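A.B. asks: Using the numbering used here, you'd call the opening residue of the sequence shown number 4 and step up by one each time. C-beta atoms are modelled at their ideal positions from N, C-alpha and C, and glycine is treated no differently. Quantities reported herein were computed from a predicted structural model and do not represent experimental measurements.
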Amino acid sequence: MTFRTMLRLTRPTLALGSPACERGLVGFASNDARLLIATLLAMLGSLTASAQGIERVVVMIDRAEITRSTQLPCLEGRAQAVFEGIPDSADVRTLRGEADSPAKAIGTTSAMVELEVAIAEDARALEQQLEKVMSDIRTRQDRISEIQRRESSLDGLDRVFQAVLSEAVRNPDPDRAAWGRTLDSLSSERRSLSEDRIKLESEILELSREERRLALLLESLGAGGSKRALRVELAIECQGSGQVRARLSYVIAGARWRPEYELRIDPLAKSGLGSAKAELTVGAIVEQSTGEDWTSVSLSLSTAKPKLGSEAPIPAPIYVEGYEEKAGKVLVQSQVQREQLPSGQVGDATQADSVAVDDKGQSFLLSIPHRVTLRSDGRPTWVPVDVAKGDANVSLVTIPKLVPRVYRVAKLTNPAAFPLLEGRVRSYRGDSYMGESRLRHHGLAEPVEISLGVDDSVRVKRERQKHKDEGPGFLGNTKHMRKAYEITLESQAATPITVEVRENIPVSQTEDVEVELLEETTKGATRDDQRGFLTYKADLTPSQTKKLLIVYTIHLPDDWTVQ
Numbered sequence: 004m005t006f007r008t009m010l011r012l013t014r015p016t017l018a019l020g021s022p023a024c025e026r027g028l029v030g031f032a033s034n035d036a037r038l039l040i041a042t043l044l045a046m047l048g049s050l051t052a053s054a055q056g057i058e059r060v061v062v063m064i065d066r067a068e069i070t071r072s073t074q075l076p077c078l079e080g081r082a083q084a085v086f087e088g089i090p091d092s093a094d095v096r097t098l099r100g101e102a103d104s105p106a107k108a109i110g111t112t113s114a115m116v117e118l119e120v121a122i123a124e125d126a127r128a129l130e131q132q133l134e135k136v137m138s139d140i141r142t143r144q145d146r147i148s149e150i151q152r153r154e155s156s157l158d159g160l161d162r163v164f165q166a167v168l169s170e171a172v173r174n175p176d177p178d179r180a181a182w183g184r185t186l187d188s189l190s191s192e193r194r195s196l197s198e199d200r201i202k203l204e205s206e207i208l209e210l211s212r213e214e215r216r217l218a219l220l221l222e223s224l225g226a227g228g229s230k231r232a233l234r235v236e237l238a239i240e241c242q243g244s245g246q247v248r249a250r251l252s253y254v255i256a257g258a259r260w261r262p263e264y265e266l267r268i269d270p271l272a273k274s275g276l277g278s279a280k281a282e283l284t285v286g287a288i289v290e291q292s293t294g295e296d297w298t299s300v301s302l303s304l305s306t307a308k309p310k311l312g313s314e315a316p317i318p319a320p321i322y323v324e325g326y327e328e329k330a331g332k333v334l335v336q337s338q339v340q341r342e343q344l345p346s347g348q349v350g351d352a353t354q355a356d357s358v359a360v361d362d363k364g365q366s367f368l369l370s371i372p373h374r375v376t377l378r379s380d381g382r383p384t385w386v387p388v389d390v391a392k393g394d395a396n397v398s399l400v401t402i403p404k405l406v407p408r409v410y411r412v413a414k415l416t417n418p419a420a421f422p423l424l425e426g427r428v429r430s431y432r433g434d435s436y437m438g439e440s441r442l443r444h445h446g447l448a449e450p451v452e453i454s455l456g457v458d459d460s461v462r463v464k465r466e467r468q469k470h471k472d473e474g475p476g477f478l479g480n481t482k483h484m485r486k487a488y489e490i491t492l493e494s495q496a497a498t499p500i501t502v503e504v505r506e507n508i509p510v511s512q513t514e515d516v517e518v519e520l521l522e523e524t525t526k527g528a529t530r531d532d533q534r535g536f537l538t539y540k541a542d543l544t545p546s547q548t549k550k551l552l553i554v555y556t557i558h559l560p561d562d563w564t565v566q
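1) Quick check on this structure: which residue in T498, R505, A420 has the alpha carbon closest to the alpha carbon of T284?
2) Between Y264 and the rest of its own chain, which residues show a CB-CB distance below 8 Å, the 5 nearest in sequence each way excluded?
3) State the start and end residues of the unbroken beta strand (DSSP E) segment that holds T376.
4) Of all the options A395, V518, G479, which has the alpha carbon lying nearest to the alpha carbon of P270?
5) Please report the straight-line C-alpha distance between F536 and I557, rounded to a whole angstrom.
6) Between L527 and Y539, what straight-line distance do the alpha-carbon atoms span, to the nearest angstrom?
7) With 16 as the cutoff for other CB atoms within 10 Å, does F367 come out buried or exposed?
8) Can you tell me the Cα-Cα spacing of R259 and M63, whole angstroms?
9) Can you name the start and end residues of the beta strand (DSSP E) that G56 belongs to?
10) Is the beta carbon of I371 closer than 8 Å to that of V386?
11) Starting from R602, trace the beta strand (DSSP E) in both directions and tell me its first and last residue.
12) Would you kindly report the start and end of the unbroken beta strand (DSSP E) that includes N417?
13) Can you give the beta carbon distance from G474 to D561, rounded, assuming they're within the 8 Å contact cut?
14) Report the three-state DSSP secondary structure of V136 (helix, strand or coil).
15) Give me the DSSP bridge partner(s) of R505.
16) Please report the residue range of the beta strand (DSSP E) in which R259 lies.
17) Tell me, which residues are paired with Q246 by DSSP?
18) Using CA coordinates, which residue listed in E149, L552, E240 is at the minimum distance from E522?
19) Just checking my contact of V235 with L98 at CB under 8 Å: how many whole Å lie between their CB atoms?
20) What is the DSSP secondary structure of R152, reduced to helix, strand or coil?
21) Is E206 helix, strand or coil by DSSP?
22) Secondary structure at V412, three-state DSSP: helix, strand or coil?
23) Can you tell which of T564, E204, E489, Y253 has its C-alpha closest to the C-alpha of D91?
24) Report the rounded CA-to-CA distance for R485 versus H470, giving the unit in angstroms.
25) For the putative contact between T142 and F164, defined by C-beta atoms under 8 Å, what is the C-beta separation to the nearest angstrom?
26) So, do the segment 66-86 and the segment 239-246 have three or more beta carbon pairs nearer to each other than 8 Å?
27) Would you please state the rounded distance, in angstroms, between the beta carbons of Q468 and Y488? I believe it to be under 8 Å.
28) Can you give the Cα-Cα distance for S398 and R462, rounded to whole angstroms?
29) Do I140 and E214 have their C-beta atoms within less than 8 Å of each other?
30) Measuring straight from C-alpha to C-alpha, what distance separates R179 and E170?
31) Quick check on this structure: which residue in L217, L455, E222, T564 has the alpha carbon closest to the alpha carbon of D472?
32) Would you kindly check if the distance between the Cβ of I89 and the Cβ of V300 is under 8 Å?
33) Can you give the beta carbon distance from L219 to D380, rounded, assuming they're within the 8 Å contact cut?
34) Considering only residues of the same chain and omitting the five flanking positions on each side of S113, which have a CB-CB separation below 8 Å?
35) For E134, does the count of other Cβ atoms within 10 angstroms reach 16, so buried, or fall short, so exposed?
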C-alpha cells in the first residue's frame, strides 16, 4: 500500500475531532495522544506540499536550478514537506532543502516513484496534430514537385521558342508583337511558378518547425503507459506551532539561454553621421524542456558553467617570429583572425549555439525584473532583460585589406550596468532595419562598435604594389623584404565626408626580426606599435579621389627561411 493510499484510507476513518477519533484515543496516555495527533496533522499538512509551485529558476548554460516552495503547519516542533512530481532527470546529488527562520531544514530523502498512468488525452490530441502537420508538409511537397515539372516544361517551350525565333528572324517582315507576347507569357508564367514555389518552401519551413515542436512535446509525455517521477521528503525542525515556509532546490538538465541584443541608433544630423542617440535592448533567448512548466516564476540567468569539468572589423595583428629548423631558421607569418565584416544585409537566421555564452571567466547573474512563464516544449522564447540608453557617434570605416567597402559604424560606450556577452545584435538606424551581426564581449564602460551596414558613397580599392626582396650586402648578414600597398578612395557623396581607414603591418615577436615602416608611407596615420595597426582619417570633398600608400620592410637574418 502506498503512502498516498494509506492517507486516503486513514482520513475518513480517523477524522480529527470526530467521535470516532475521540473513542480511538481512549486508553492512550495524554502524551501519546498528543504525539499521535501531531503526527497525523503533520502527515495531513504534508499533503499541502503536493500543491507546491516553482518559485524561482536560475538558468545556466546547459541546465537550470529549480526552487520549489510550499507552506505547511509545524506541530510539536516538527514538520515534513513532501515534494512530488519532480522530473526523473533531476540530479539527486543537488537536492537542497531550506526553511524560513527560525525553522531549520534537517535533511532530505528521495525515491523514484513509478506513476501508473494511461496515455493522456492531450497525447492523443498531439498525435492528431502531428499527423495533420505531416500531411500538410507532404501536400506542399507534392505541389512543389508539380511546379518543378511545369518549370521543366517551360524550359522545353523556351528552347522551342528560341529555335522558332532563329528561323523567324529571316522573315523580312517579322511579327515582333507576337514575339513579345510569347516572351511576356513565358516570363509571367515562370515568375508566377517561382513565387508559388518560394511561398510553399516558406510554409514547409514553418510546418517543419511545428512538427519538431509537437514531436518534442509528445516525447515528453512518454511513449508508454508509465512514467517515473522523483518524490522528496524534507524534514524540518521548528519552534512551537504555526505555518512554516519550506523550499527545495535541485539542478536539472534541459535548459539553456543565450544573449541577444537590439541596438537603435538615431542620428542627430540629416546625413546620418556624427552624434546620435543610442538605445540598447538586452534580451535573452531561453529554451527549456525539463519536463515541467515554469509558470510565473522569478527568473535569473547565470553565466556559470557547471558542465566544465554586421560588425565593422578591427584589423588583427600580424606577428613575425622564427624557430630553428635543422641548420637554419624559418620566418613564420601568422594572423590572429578577430575581424568580421558582415554587410548588414538580411540573411538566414542564425542557429542557436548549444554553449555560446562567453563571460570571459567572470561569472555573474542577471535577474529578470518581472515574472516569466516558460513551457517545457523546447521552443526558444525571447525574454527582455534591460534597456540602456546613451550617446553614440556614427562614422565611416573601411578595412580594404579584408573587404573593399565602406561601412557606417556606431561607436558608443557600453551603456549597460553589466558586461555585454558575445551574441547576436540586430541594428536599426532610425526606423530602418540594417541587419544583424555578432557582438563581441565588452566589459563595463568599454567602447563598443556596431556596424550599421554598407555605405555606397565611397569607392575603395586596395592594390599590391611591386614587392622587392634584397639579399645581404657584401659584408652583411641581413636580408630585406619590402612590401607596399596602395589604397584608393573615391568619394561619390554630395557633401564633404571623413573616412576612417584601418590597415595593419606585421609585428615582430623576436629580436632577430625587425619591421620598419618606410618614409614613403603616407603621413598622418595613428600607429599602434604593439598591434601594428595604422589608422587614417581621410577627408574627402565631393568627387575627390585620395590615395594612401603603405610601405614597410621586414629585416631578418640571411640564414632564415621564409615560410
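C.D. replies: The relevant details are as follows:
1) A420
2) L283, T284, V285, G286, L423, G426, R427, V428, R429, L442
3) 368-377
4) A395
5) 16 Å
6) The sequence shown places Gly at residue 527, rather than the Leu named in the question. One C-alpha to the other measures close to 7 Å.
7) exposed
8) 6 Å
9) 56-62
10) yes
11) A question about residue 602 goes unanswered here, because the residues of the chain that appear run from 4 up to 566.
12) N417 -> no beta strand (DSSP E), and no H or E assigned at all.
13) 7 Å
14) helix
15) T538
16) 258-270
17) P76
18) L552
19) 6 Å
20) helix
21) helix
22) strand
23) Y253
24) 6 Å
25) Their Cβ separation, rounded to whole angstroms, is 33 Å, which puts T142 and F164 out of contact at 8 Å.
26) yes
27) 6 Å
28) 16 Å
29) yes
30) 13 Å
31) T564
32) no
33) 6 Å
34) V95, L98, L233, R234, V235, E236
35) exposed
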